[in-house]
Every structure is written in C-alpha cells, then in structure tokens.
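Keeping their order, the protein sequence lines are chains A and B.
Residues in the first sequence are numbered from 847 upward in steps of one, following my numbering.
Residues in the second sequence are numbered from 4 upward in steps of one, following my numbering.
All C-beta atoms in this analysis are idealised placements derived from N, C-alpha and C, irrespective of residue type, glycine included.
For clarity, every value in this text was computed on a predicted model and none was experimentally measured.
Below: one structure, written as structure tokens.
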Amino acid sequence: MALTLEQIRADVADCLGEDPADIPDDENLVDYGLDSVRVMTLLERWRREHTVAADFADLAEQPTVEAWAALLGVS
Amino acid sequence: MTTLLADGPGPASTAPVSVELPLTAAQSGMWYAQALDPLSPAQNTAECLEIDGPLDPAVFAEALRQVVAESDALRVRVQDSPDGPRQHVRAHVELPLLVEDLRAERDPERRALAWMRADLAEPFDLAAGPLFQHALFRVGDERWLWYQRIHHLVMDGYGYSLLVRRTAEVHTALARGEQPPACRFGRLADLVEDDAAYRASEAHAADRAHWTAAFADRPEAPRLAGRGALPSRTFRRRGARLSPEATERLRDLAAGLRATWPDVLIAAQALYVSRAAGRADVVLGLPMMGRMGGVALRVPGMVMNVLPLRLAVTPEATFAELVRQVVLGVREVRRHQRHRYEDIRRDLGLLGEQRALVGPLVNIMPFDYGVEFAGSPARARNLSAGPVEDLTVNVYDRADGHGLAIDHDGNPALYDDAALAAHQERFLHLLDRISGSDPHQPTAGLDIATPQELALVLEEFNHTEQPVPPTTLIGPIEAQAARTPEATALVHGDTRLTYRELDERANRLAHHLQSLGARPGAVVAVSVPRSAELVVALLAVLKAGAAYLPLDPDYPAQRLAYMLQDAAPVCAITDRAGRLPEDTGVPLVDLGTLDVSGRPWVNPARALTPAHPAYVIYTSGSTGRPKGVVVPHSAIDNRLRWMQHAYGLTGQDRVLQKTPSSFDVSVWEFFWPLREGATLVVAEPGAHKDPARLARLIREQAVTTCHFVPSMLQVFLAEPAAADCAGPLRRVFCSGEALPRESAHVFARTLPGVALHNLYGPTEAAVDVTYHACDPDGSGPVPIGRPVWNTRLYVLDAARRPCPPGVPGELYLAGRQLADGYLGRPELTAERFVTDPFGAPGSRMYRTGDVARWTEHGEVEYLGRTDHQVKLRGQRIELGEIEAALAAQDGVDGACALVREDRPGEQLLVGYVTGGADPAAVRAGVARELPEHMVPSAVVALTAFPLGPSGKLERRELPPPVFAGSGRGREPADAREAALTRIFAAVLGLEHVGPDDTFFDLGGTSLLAVRLVARVREEFGAELTIGSLFEAPTPAALAARLATAAPAAGDALGVVLALRTGGERTPLFAVHPAGGLAWCYAGLSARLGPDQPLYGIQARGLDDDEPLPRTLQEEAEDYAARIREIQPHGPYRLVGWSVGGILAHTVAVLLREAGERVDLLALLDAFPAEQWRERPAPEEGDALTAVLRMAGFERAGERTREDVLATLRRAGSPLAGLGDRTLARIVDIVPNHARMMREHRHRRFDGDVLFFTAAAPRAEDWLTREAWRPHVAGAIDNHDLDCTHPQLLRDAHLDTIASVLSARLEELDG
C-alpha cells in the first residue's frame, strides 16, 4: 500500500500523542518531541506496512512531514 | 578449514593523504581512561552479525575495504603530543580481516564465539592502530558470522549501525556487479570542528550552568551492590530477550501513557533501583546518541554521551506518574545533552573525590539494522558495549521484528553471576508485572522480588513455629527451686545462696510488696546496685505478680525522677535512703531498714497470666524523653525456652551476671540460670568494665557462660589473663552492636574451644530474636543469624514489600516475642508496632529502624540504621535525645550530635552547638541530665552549622573535635619514647602524637586508657596502672617512668606528684587548690615543654588516714621541706591556684626566711586570707562544690557525696576513679582548708608576684588582688583572662597562662 502525506502526518501525530491537525507540514518535528526512538518506531511501521527504502539517517536528517513525503516517494 | 587473510588494493580512497586532528571532548574522555590502564581491553566494543544465506567472502572483503576507506574514524591512530593527544587519519590502512570456514568443527558457532571472546580480551594499541578488527566465520553452508571489534574512542553504537548499513549496501551492489551508491558519510574533521564550535558557544555555557544547578546538592548515586568500584578490565553479561508479544504490551502501555517504550523501561529500572538500593532520589545514567539534527548523523565515530536522569521515586506515586517524570526528565536531558559527562563530574567536584554521578545505566539502542547482504538477511548481536562502571542495562531495538534484546552488564568487582542474574530476572519480572497492571495505581503494589524469592524470604526462612506451654518468666524458677532446693542458686563475693534460701527471701519480700499494691499489671521499680539483694528484689517483684522497672542507681536524679513519674510504680525498692528522688510520691521500700522476717516464706498467691507484663525497661527516646518498653511474660518466656533449647544449660553451669539491670541483656543473665538449676555468679558493681577483674572472676568462679558487648569483648580479649578463661568457659554470647569478624577470629585464637554466639534483638522484642554461631574459620561480616522460635523476620523496602536476598531493607520483627508497646505512649506504640500484612489477621510487626539483608542461606546481616539512633558500646542512643539536652543548655542556639569514627573502630560521641555558650559548660550541663553513655566525649562550639544547598545540615561537613596537643612537636628522644608515641597514636587513632602530648588532652577516654595501658603492658612487659598513666600522661613521661622501672603507681595521691621529672631547667612547684589534689596542673606540664620539670604538691591524707594539718603555716612548712628534698637550694619557682596561691605565698616567705632565692611566685586567681576571714566557712555542701570544680563542673543538683561521684563518673572524669574513701577525705580536706585559710596570718614576701585573674564577673565581687599589696614588697604583674575561676586551668586559658609562665621562666634563665 502506498504511503500518503496524510498517512505520514497521522502516524507522526500518533507517535507524538498529538492531533494530526496540529502537525504542520514544514516544521521541524524534533520541536514537537520527535526523538530517535520515535523515528525508529515510524521507520519500523513504514517498513512493515509499506515499501520503504529510506533509513534512519535519511529521516533524522530532515525531520519534517514535507521532507519525509518527498523522501518516501509520496507524490 | 581454510584460512585466508584477505587484503588487496581497495577502491580509490575518498580521503586525502594523512590528516592530523585534535580529539573531540568525547574522545578525550576515552583517551584518558585508556591511558590510565594502557593494557586494558575494557574499551573494546564489538558486535557480531548473523548472516543467513549465501555470501561471497571475497566480495564481502572488498566491501569492507571500501567502507574502511570511506570511514575516517577507522583509519585513526592516536598519539600523545606536547599539545595533548592527536589523532592521525591515515590515507590507507590494511584491512585486518580473518576469514575462517568452521563448518568442519563439531560446534562451529561455539568455536567462533570462543575466538571472539579471546579477541575481545586483546587491547588495541592506540598509538599504532588500526583500532578495529574484523572476522568472518562460515558456520554453516548458508550461515555466516561477521565479527567486528572497534576501540570505543573511534566508534559508538550508532556508528556501528552506519558501518553495517553501508557495508551491506556496498556488498549488495558489488555482488550484483553494480556500482555501489555514492557514500554519504561525513568526515571526522566535521565532528572535530562541530565539537570545537559547540565548546566555544553560548549553548555550552548554558548547558554547563544547567547541570551545575541541577546537581548542586551532589546527590549520592544509588548503588545496587551497596558500594562503588573502579571499572574492571572486563564485564559480566547476562542476556535476555523480551518476546515480540511482551514488547508489544510494553509499547501499548507506553502509548497509553503518551510515552515510548524506552520511557517505560527507564521508569521500571528507576523503580527497581529505588527499592533495591533504598533510595527515593534516584540518578540513572542515560547514554544519549547525540546525533539528532547535527552533522554527526552521517559520521561513523564516537559521539555518544552519558547524562544523568534524576527521578524522585516514592511508593505512593503511581507508575504513570513515574513515567511522566521520565518523559519530562529525558526531554530536559536532551536539551542539554552535549555537555560531557566527565565535565559535569568535574564541575561538581566529584572527580577529585572519585564519587559517581549516576547509578546504573539504561542504554537504549534503537539503531537501524534492517539490512540484507545481497538478499541474505542479518541479525546483529552486541558483544561489548564498552566499560561498565557499575551496572548497565543495554536494550537493543534492531527494527528487525524480533522484539527487544536486553543485556545486563555488570562490573565483576561488584556483581557475580548469581547477583547479575538475580537483578535481571527481577527486572524482567517487574516489567511483566508492570505491563499487566493498572499504571494508575501506586507503585507500592509492585514487588521487586520474584514469586520464588517471596516464598523464600516470607515462608522458608521463617519456619520457626514451635509449640510452647503457657508459662511465665517466674513460674519455671519457682518450679526449679522446688526441684533442687539445696543446689547453689547464687554467688556474689562471699555470699552464697541455695535455691531454697533465695526463693524464701524473695517470697517474704514479695508478700510485703503485695501489701503495698504489687500485683499482676502493676509496676514496681527496683534501684539496687548489683548484689544478691538485687536478685532477691527482682524475683520478689515477679513473684508478687508485678512487672519490675530497673532504675540504674548511677543515673542522674533528674532522669530517675522522670522515669518514676512516667511509669508510676506502686512502690520502688532501694538498698538505702537517698538512692532515689524522694519527692516523686512513689513509696520507697528501703531494704537497708526493712524487716520481712515476719512475712510468709511460701510462694505468694497471684492471678498472673502470660499476657501480663514481666518488666518495663526504658530506652533512649528520639524526642528527648526516654520511653518504657513493656514486655509480657509470654514474650520473655518464649525467649528463654528457645535459649534453653538452643544452648542447653545444666545444673553444672555457672552464668555470669554483669550487665546492668537497666539493659535487657541482664534479663536472661538473671533468670535463665535460675530456671534451669544452674548457678548465677553476680559480679561486683563496676567489675563489668575492668577486663582483668573479669578474667579473674571467670576463672575463680568457674563461669561457664557469659555475655559481652562486642567492644567490651575486644577490650577483654586484649587482656592477657583472658586466655586463662578457656578452661571453665563454654560459651560466650555477644549482642548489642555489630560483632566484627576480626573479633570473632581473635576470640577463636584466644579462647579455643569456647563457642561464640552472636545474638541480635531490640528491647521491643524480648532481648534477642536472631542467633548465629560463629565459625572460627568464617569470613565476611558476622551475620546476626536466623529467627528464634515463633519469630518472623521481614526485610522490607520503602513500600514495605519484602526485599529479596542480598537486597538491604528495614528489618521488621513479628511473632511471640514482641513487647506490648511503650508505657503510656499509644501514638508512639502505633508508629513502631504496625499491622503485619504477612501474618495472621490482627498480628503486629515491630519496625526496628535497623537496615539488614537476607543472605541466600536464610541468615540476616545487620548493615546499619535508617535513622539517627546509634549504638555506642552496645548501648542504644537516640541522638535526638542528646540534641534536645544540648539545646536546653544556657547560651545554646542550635545543637547537633553524632557518633564519629574518624579512626576505624573508635567511635566518639560528639556534640556541636552554636550560640555563645562555653562548650565545656555545655558538656558539664548535659552530664547532669543524661546517663554516662549518652554524654558527648567532646562538645564543639561552631559559629554556624555547615548547610548544604538545600539548607539541610551537612553532617559530613562537621569538623572532628580538635584535642589540642602541646603544639611543640619534637622528635622522640629514644626508642622507648618512639614506641610510646606510636602506641599513643594507635590507641587515640591520631596520625601523629608528640612525646609531650598529654593522653587526656588528645581525647583519651577511660575505655581508651584501659586499652593503652594494656598495650603498654604487652609491649614493655611492665606493670602499669591507670593511675600511672595519670601521673605520666605523655609518652615522654611514661617512657621516663618505664626507664626507672618505678614501681606501679598508686593512685597518684602522694604529697609530691611528679608531673615531669626530666628537663634541664629549674623545677616549677605547683601547690594544690582546696581539694588537695594537684592533678589540675597536668595540662601545664605538656604546655611548658619537656625541658621544664614540674612537681605538684598535694595535701597529706589523700591516700591514708594521716591527720590533717591544723594551720596553713604548719602545712606550708611541710611543703617547703618536701620541696627542698627535691631541690635543696634556690632559686625556687612556685605557682598556686586558689588556696594553692596562699600556700605558695607562704612557702615562698618560708624559703626566703631560710635565706633562699625565690625568683618566681605565680598566683592563679588566689586571694589573701583576710579577704575570706569575715565570710562564712563552707559546709560539706561547699566542699562538694569544690570537688566538682576540680573536675571542671559547676555544682547543680548534686546533694550528696554519692551524687557528686555519679556526676564525675558520667562525665568520665579521672577523679571518678578515686573511690569513695579518697573522695570522703577530699570532702574533709576542703573545709579544713577553708578554716585554716581564714585563720592564717600572712607574712610579707619581698619579691614580685605574677598574677592571673579570672576576670569574668563572679559572685564574690569583693575579691581583689589589691589585697595582696601589704603582703608583697615587689610588683604585682597582673594578667586578666576572660573566664571564671574554675575555667582558669582549662583549654585556651591554660594555653595563655603557660605562655606567660614560660616567657617568664625563659627570661629568668637568661
């Protein structure tokens, strides 16, 4: 199943304990409490449920919903 | 098996030629650690990847070669330089790769792991490099183990994941014949630059300020092993795995708490550490990868940092609350995570003290290992995560769908395999329990012990049920008297009583007591010194059915009065009038005058049940008031029945009674032998403190059984005669304080064949509740042992849940031996005697306040106290009670007391006060209110108490009392002096003692004096008494005494008291004050130095019945003659304090009239006769005041000679050793001097007078030194000292006097 921007935002919001509506696309997620453990949690989930080639460093390098969408090949 | 060392030209290196860089702060820490122990392999990190599937080793080696070329850090070697260590990044390094095919081996994986373990023990050479090692083992047709070991200085856990991912990527491409994707690794130089930029930034300063503030109070790191240790060269590891299901439950729990699974794991570990280490303030170490959002994200290297996470863990808070604290705490840590761990420790001053900042580490490694090698999946296994200081819990999330791996790494210096396994099992168990329970309940409901451990400590270790008949303390004694009426029941000196005689005497008295209201439930006080009468009185009280309340005759009147009012006994038995305060309204039964011969000799009737109280014993109370413990018959009866079962006393046994009746050890001493037909040997009063007398008593009386407090046991065993006790003695019991293993060994050597039993128990549980037979070959701490009959022991943590074996907790006691509680103190009783949640409904347990732990064999080890109660020489002391007494003294604003152990094994009770009070006066004041064992050895005046940042008193910062020596250090003159200074230093626990330092000035106590004299006797084979130590209290003086082989000193009561005989100078003669003793000048001797001979002149009649002089003139003539025997001709030098001044003046006149020169007459606050003439002469009461003044006390409530003696004894004054007869003489000498002084007529002295005035305001404001004018032809050179008359010869004032005197003496000697 292809990953969508909405799915990314929903998963991010879920692991940060926030409402998806409160997660902007272009803000640094570290400021919202994103840490290495949560990055790994998301990565595992996306590897399990979608075909994802990116690794930890890729995600951690640019921690915004927008950047991740591009990285993960979401159009 | 094929072995091939693969190497060859790699792809073009992306690195330029060799580059030199400084180390980052993170690397520097590692470098210094390695420099401390260059051959240590502790900083090796390693991991093993299991690759399942086909793999081409040549392609793999090719991939590795490329990755090494891409990774600067792997090509580093580190060399020291004048500017500090530098790292050289080499352009190329050979690939250290071992490839082995182990398929032919029986157990290839095992073989491979053995090789890895051996390789892990090899240290890297930092200066040579390379700092990594690879191996590839083929362990199956399609199974490979890739091993890599890297020095921690160049790589951390996250770095490994980067290396592994890149290796897999390159390998996969090469295997498919493709060009590997471009390398995205950053450069090592970037890390170095980033580090330097951070350290120069404002963020660095802010981070530093954050950590310094957060840990300003320098909390103690929690220790699961109870202590710390330096990192070892290796570590112990125990691995476990959390199933995917359990991991999922953990994630769900975390999600429900808006946290992550690491938060839950950290909270669980904090909870475990808090309970197991007994700390509410828990500091864990959190390794942080430190790469989010930085250049380090793509640089394989060493970046990680350990940071402290501080949590408050209480049983009342819920687990959810604890997790929330972790979430917020970790967030805070993350904000300041770049400040280095080593820097925080240095900033806090912990480095220098070698103190730890954090307890166990929780190392969460969520590193991305989801890799494949050309389609072959891999799983990573960590083999070493670096040095382990204490305990590290490594948790790996490999994102590989196999759940969490958990490794417990322990420092082998602190944890053995069993301990490590126990910590891990309990932790996993706790996780399981946490994930299965409501996180919104208090954590008190979560046990840290496993169910197996709970069954062990609650049930198996406490199997003590034993049916006992419902009897009382006294019943079996009466039955025994009927069985063996003619057997010897009691021996005391020349007194010998059969069971019949003892029984009849006690019965007659019991009938009398019943006529005064003694009956079951009532209390009768007994204040009788150790004697046959004491035993009769105690039996009589019990026979009458009442509970006895022992009152130590040596206690201060104030305390006795308090206990009488508090306990409200129906009557109080004493041996003579004046023993007890008479104004408390309690009827007194005076055995000295009582005649009970008309009373029946048969057992009195009484409706006594085992539930009635048998005795009430007072113990120290923390709020300042002692409290009476009420012990029922059933409790003590159980105790004595168990003791008989365990040790089997027979009619042939003789049991020594030497413990004061106010301590509960005396209960079994008194009554156990009388229940079993044995003989009770009653020691003389005072004998219990004298080892030589005890040894003689044991031998002469063929004592088979006795008790020692461990500190007294040490003193006893040091007595040469102790060894002679091995014949009769069969068993010795110890209790009251921790028994050192060394003492048990000395015991076994000194008294071979005699059993030594260590017992433990508070008064609140009928004397003893645990027992342990000492093994002569035992080692480690001596346990207090197992529970006695019908007794359960619980070691509970802060949540009052059972501690597993090995984990310290507070000891609680339950079962038949519990006391009823505290007399008239229901609230205190409810606080200490609480509901037993593990026992039958309605049962109670007693909270001891003792810290203890179970051994795995079911014995208990005593570890210390939870509060400020201390044990000093076996006696229980609440510091709060002493502090209350100190604070109540005039001029004291604040007070604190503690037991110091500035030298091992020598405990000293010290009081600290603020305010203007004179410390000596404060000490004298509390000596009047507290029993001897509770009076501080020293009181130290402070301007302010040392406070920590939180405003709490820093007890650790309180200074040790300074017992000032002469300050005129010189080297010992000969071998004997040298040996003696050594012995003095050893006994006093000081580093250095000069030959002229006075024993008592340096903090010598009576107990230490006993020890010193024993040591001197041992080393010199010389006869020596405590009296000779007083006469010769310095190493030099003692050496002189030993050299002349002078006969053993008496009590230093002769007319001439040679304070120092050696020295070149003209002797100084110091004439006694009113009491006749010249001991007060002992301090002067040390201060005037070894060259100044000093003789005290003392009154006649102190040690014999010589008639007292009739006039001062006659007395002075006698003294002049004695002085001329020592020094036949002038010039003479004289000094005198008080009456001694008048005498010195008179002696001076006599010597002048004989044509001799007198070039010094020093008068210390002495006033001529006519000033006193019109004033009333003192009664005996004033004589007592004078005696007290000699010891440095102002008189308060002391009414009789006995009161005075008691005060002196309590204060540890050497005067107390004088005994009744000498004291009686002094009490005669004082008024005789007062009379003679008033009748004396001064003649004129034709020289100068050196005068010292005690200038503090005094009641006798009419005294003036100007009155000397008619009797002194020369000048009166006065020196004012800011003190009272009695304080003149003490401490700083004596220093002043000595310095003026010695200046004058030097002047005279030209």
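Below 8 Å, how does it come out for the stretch 454 to 464 of chain B and the stretch 788 to 800 of chain B: are there three or more Cβ pairs, yes or no? yes
When Cβ atoms are compared, which residues of the stretch 346 to 374 of chain B fall closer than 8 Å to chain A? I367, P369, F370, D371, G373
Give the interface partners of B:T832 over in chain A, defined as CB-CB distance under 7 Å, in chain order. On the second sequence, residue 832 of chain B is found 829 positions in, with the first residue counted as 1. Result: empty, since nearest Cβ-Cβ is about 50 Å, beyond 7 Å.
Assuming B:L1291 and B:D1185 are in contact, meaning their beta carbons sit under 8 Å apart, how far apart are those beta carbons, in whole angstroms? As a position in the second sequence, residue 1291 of chain B is number 1288, starting the count at 1. As a position in the second sequence, residue 1185 of chain B is number 1182, starting the count at 1. No, B:L1291 and B:D1185 are not in contact; Cβ-Cβ is about 19 Å, not under 8 Å.
Considering B:N308, what are the terminal residues of the alpha helix (DSSP H) in which it resides? Your numbering for residue 308 of chain B matches position 305 in the second sequence. No alpha helix (DSSP H) holds B:N308; the beta strand (DSSP E) holding it covers 308 to 315.
For B:G378, count neighbouring C-beta atoms within 10 Å of its own C-beta (all shown protein chains included) and say buried if the count is 16 or more, exposed if not. Along the second sequence, read from residue 1 onward, the residue named residue 378 of chain B stands at position 375. When all chains shown are included, B:G378 counts as exposed.
So, is B:G13 buried or exposed, given that buried needs 16 or more other C-beta atoms within 10 angstroms? Translated into the one-based positions of the second sequence, residue 13 of chain B becomes position 10. Residue placement at B:G13 is flagged as unreliable, the pLDDT there being 40, under the threshold of 50; the coordinate-derived value follows with that caveat. Result: buried.
Should A:P870 be flagged as near chain B, meaning a C-beta pair shorter than 9 Å? Residue 870 of chain A sits at position 24 when you count from the first residue of the first sequence. Output row for A:P870: interface = no.
Minimum Cβ-Cβ distance from A:P909 to chain B less than 9 Å: The residue given as residue 909 of chain A occupies position 63 in the first sequence. Yes, its Cβ sits closer than 9 Å to a Cβ of chain B.
Compute the Euclidean distance between the alpha carbons of B:V365 and B:V336, then round it to the nearest angstrom. Along the second sequence, one-based indexing puts residue 365 of chain B at 362. Along the second sequence, one-based indexing puts residue 336 of chain B at 333. Taking the straight line joining both Cα atoms gives about 14 Å.
Of the residues B:T587, B:E73, B:A1295, which one's Cα is nearest the Cα of B:C1286? Taking the second sequence and counting its residues from 1, the one referred to as residue 1286 of chain B is at position 1283. Out of B:T587, B:E73, B:A1295, B:A1295 has the C-alpha closest to the C-alpha of B:C1286.
Exposure label - B:V605; buried when at least 16 CB within 10 Å: As a working note, residue 605 of chain B is residue 602 in the second sequence. Exposed, since its Cβ has fewer than 16 Cβ neighbours within 10 Å.
Those residues which DSSP pairs with B:A1165 across a bridge: In the second sequence, counting from the first residue as 1, residue 1165 of chain B sits at position 1162. Paired residue(s): B:V1138, B:L1253.
Quick one, which of B:I639, B:Y201, B:P442, B:G288 has its alpha-carbon nearest B:P765's? Within the second sequence, the letter at position 762 stands for residue 765 of chain B. That would be B:I639, whose Cα lies nearest to the Cα of B:P765.
Rounded to a whole number of angstroms, what is the C-alpha to C-alpha distance between B:P41 and B:P126? If you number the second sequence from 1, residue 41 of chain B lands on position 38. If you number the second sequence from 1, residue 126 of chain B lands on position 123. Answer to the nearest angstrom: the Cα atoms are 8 Å apart.
Between the stretch 298 to 313 of chain B and chain A, which residues of the former have CB atoms less than 8 Å from a CB of the latter, in chain order? L300, R301
How is B:C709 classed by DSSP in three states: helix, strand or coil? To locate residue 709 of chain B, count along the second sequence from 1; it is residue 706. Strand, per DSSP.
Coarse secondary structure for B:S387, derived from DSSP in three states: Numbered from 1 along the second sequence, position 384 holds the residue referred to as residue 387 of chain B. Here B:S387 sits in strand by DSSP.
Measuring straight from C-alpha to C-alpha, what distance separates B:G1079 and B:A540? For the purposes of this step, residue 1079 of chain B is taken as the residue at position 1076 of the second sequence. For the purposes of this step, residue 540 of chain B is taken as the residue at position 537 of the second sequence. Distance between the alpha carbons of B:G1079 and B:A540: 40 Å.
From the DSSP secondary-structure annotation, give me the bridge partner or partners of B:R1247. As a first step, residue 1247 of chain B is located in the second sequence; it is residue number 1244 there, counting from the start. BP columns for B:R1247 are empty, so no partner.
Taking the C-alpha atoms as reference points, what is the distance between B:A1039 and B:V573? If you number the second sequence from 1, residue 1039 of chain B lands on position 1036. If you number the second sequence from 1, residue 573 of chain B lands on position 570. Cα to Cα, B:A1039 sits roughly 58 Å from B:V573.
Just grab the DSSP bridge partners of B:P553 for me. Here residue 553 of chain B is taken as the residue at index 550 of the second sequence, counted from 1. Bridge partners of B:P553: B:V529.
Kindly confirm or deny that the stretch 767 to 776 of chain B and the stretch 804 to 822 of chain B touch, where touching means at least three C-beta pairs closer than 8 Å. yes
Continuous beta strand (DSSP E) stretch holding B:A1289: start and end: Residue numbering aside, residue 1289 of chain B sits at position 1286 when the second sequence is read from its first letter. This sequence places Pro at residue 1289 of chain B; Ala is not what is there. Counting along the chain, B:P1289 falls outside any beta strand (DSSP E), and DSSP gives it neither H nor E.
Determine the contact status of B:M305 and B:A29, defining contact as a CB-CB distance below 9 Å. Taking the first residue of the second sequence as 1, we reach residue 305 of chain B at position 302. Taking the first residue of the second sequence as 1, we reach residue 29 of chain B at position 26. Contact flag set, yes.
Which chain B residues are close to A:G863, counting only those with a beta carbon under 7 Å from its beta carbon? In the first sequence, the residue the question calls residue 863 of chain A occupies position 17. Going along chain B in sequence order, the residues near A:G863 (Cβ under 7 Å) are R261.
Residues of chain A with a CB under 8 Å from the CB of B:P265: which are they? Taking the second sequence and counting its residues from 1, the one referred to as residue 265 of chain B is at position 262. Simply V883.
Any C-beta of chain A under 9 Å from that of B:V22: If you number the second sequence from 1, residue 22 of chain B lands on position 19. Chain A contact via Cβ: absent.
Rounded to whole angstroms, what is the Cα-Cα separation between B:D1312 and B:T1069? Translated into the one-based positions of the second sequence, residue 1312 of chain B becomes position 1309. Translated into the one-based positions of the second sequence, residue 1069 of chain B becomes position 1066. One C-alpha to the other measures close to 8 Å.
Does DSSP put B:D1000 in a helix, in a strand, or in coil? Here the question's residue 1000 of chain B lines up with position 997 in the second sequence. It is coil, neither helix nor strand.
What does A:D901 reach in chain B if we use C-beta pairs closer than 7 Å? Taking the first residue of the first sequence as position 1, residue 901 of chain A is located at position 55. Chain B residues near A:D901: R168, D371.
To the nearest whole angstrom, what separates the beta carbons of B:D762 and B:C737, a pair I think is in contact under 8 Å? Position 759 of the second sequence holds residue 762 of chain B. Position 734 of the second sequence holds residue 737 of chain B. According to the sequence as given, residue 762 of chain B is Leu; it is not Asp. Rounded, the Cβ-Cβ distance is 7 Å, consistent with contact.
State yes or no: is the C-beta of B:T446 within less than 9 Å of the C-beta of B:A802? Position 443 of the second sequence, counting from 1, holds the residue named residue 446 of chain B. Position 799 of the second sequence, counting from 1, holds the residue named residue 802 of chain B. The answer is yes: Cβ separation under 9 Å.
Name the chain A residues whose beta carbon is nearer than 9 Å to that of B:M292? The count along the second sequence starts at 1 and reaches residue 292 of chain B at position 289. Ordered by position in chain A, the residues that pass the 9 Å Cβ test against B:M292 are S882.
Per DSSP, B:G928 forms a beta bridge with which residues? Counted from its first residue, the second sequence places residue 928 of chain B at position 925. In the DSSP output, where bridge partners are listed per residue, B:G928 has none listed.
C-beta atoms of B:P784 and B:R533 nearer than 9 Å: Residue mapping note: residue 784 of chain B aligns to position 781 of the second sequence, counting from 1. Residue mapping note: residue 533 of chain B aligns to position 530 of the second sequence, counting from 1. Result no, Cβ atoms of B:P784 and B:R533 do not sit closer than 9 Å.
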